[in-house]
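Numbers 1 to 123, taken from the numbering used here, label the letters of the sequence shown in order.
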Amino acid sequence: FITGIKERYYFKKKSCEVPESKSLAPTSDTIISSVCEHYGVSFNELLITRRGIFNEPRNIAVYLLRQIRGEKLNNIGELFNIKAYSTVSSILRRVSSLKKYDKKIKKRIEKIQDSINKGQRQT
Numbered sequence: 001f002i003t004g005i006k007e008r009y010y011f012k013k014k015s016c017e018v019p020e021s022k023s024l025a026p027t028s029d030t031i032i033s034s035v036c037e038h039y040g041v042s043f044n045e046l047l048i049t050r051r052g053i054f055n056e057p058r059n060i061a062v063y064l065l066r067q068i069r070g071e072k073l074n075n076i077g078e079l080f081n082i083k084a085y086s087t088v089s090s091i092l093r094r095v096s097s098l099k100k101y102d103k104k105i106k107k108r109i110e111k112i113q114d115s116i117n118k119g120q121r122q123t
């Protein structure tokens, strides 16, 4: 019951001025599992980093954790074994700019957000 209420009302009540509204947010695990399910990858594949290669599932997961949960850069970095929070910041900047210019990525992000909003992980 409580989970259903959280999923239904979080995006309507999300506010930076109401600290408790963050408790309604989907968990980090929910967001990450939705991204993994959408891209057909495992969590371990999200942790892989290679210089100069764009790891779209990982970057989208980082972006959604920041946008939906408002996670701190350091927390996101720890989750994905990223040593510097500035790296997380550059990932967020890159995905934001890609979202503006690449309609396919924008649609993927919206589709993942919709699946998180609908709580499909329970079905």
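Every residue, glycine too, gets a C-beta built ideally from N, C-alpha and C.
Cβ separation of residue i and residue j, assumed to be a contact under 8 angstroms, to the nearest whole Å
i	j	result
I91	L98	The pair is not a contact, with the Cβ atoms about 10 angstroms apart (cut-off 8 angstroms).
S115	E71	With a Cβ gap of about 19 angstroms, S115 and E71 do not count as contacting.
L73	S96	Not a contact, Cβ separation roughly 14 angstroms.
Nearest candidate by alpha-carbon position, reference residue i, set the options
i	options	result
R50	H38, I109, T87	T87
R93	V41, Q67, F43, T27	Q67
I112	E45, I82, N75, P57	P57
Per-residue burial, residue i [other beta carbons within 10 Å of its own, 16 or more giving buried]
i	result
Q122	The predicted model places Q122 with a pLDDT of 43, which falls under 50 and marks its position as unreliable; any figure quoted below should be read in that light. That one is exposed.
I48	exposed
A25	buried
G40	exposed
F54	exposed
- Query: Do the segment 52-61 and the segment 27-41 make contact, defined as three or more Cβ pairs closer than 8 angstroms?
  - Reply: Touching, yes.
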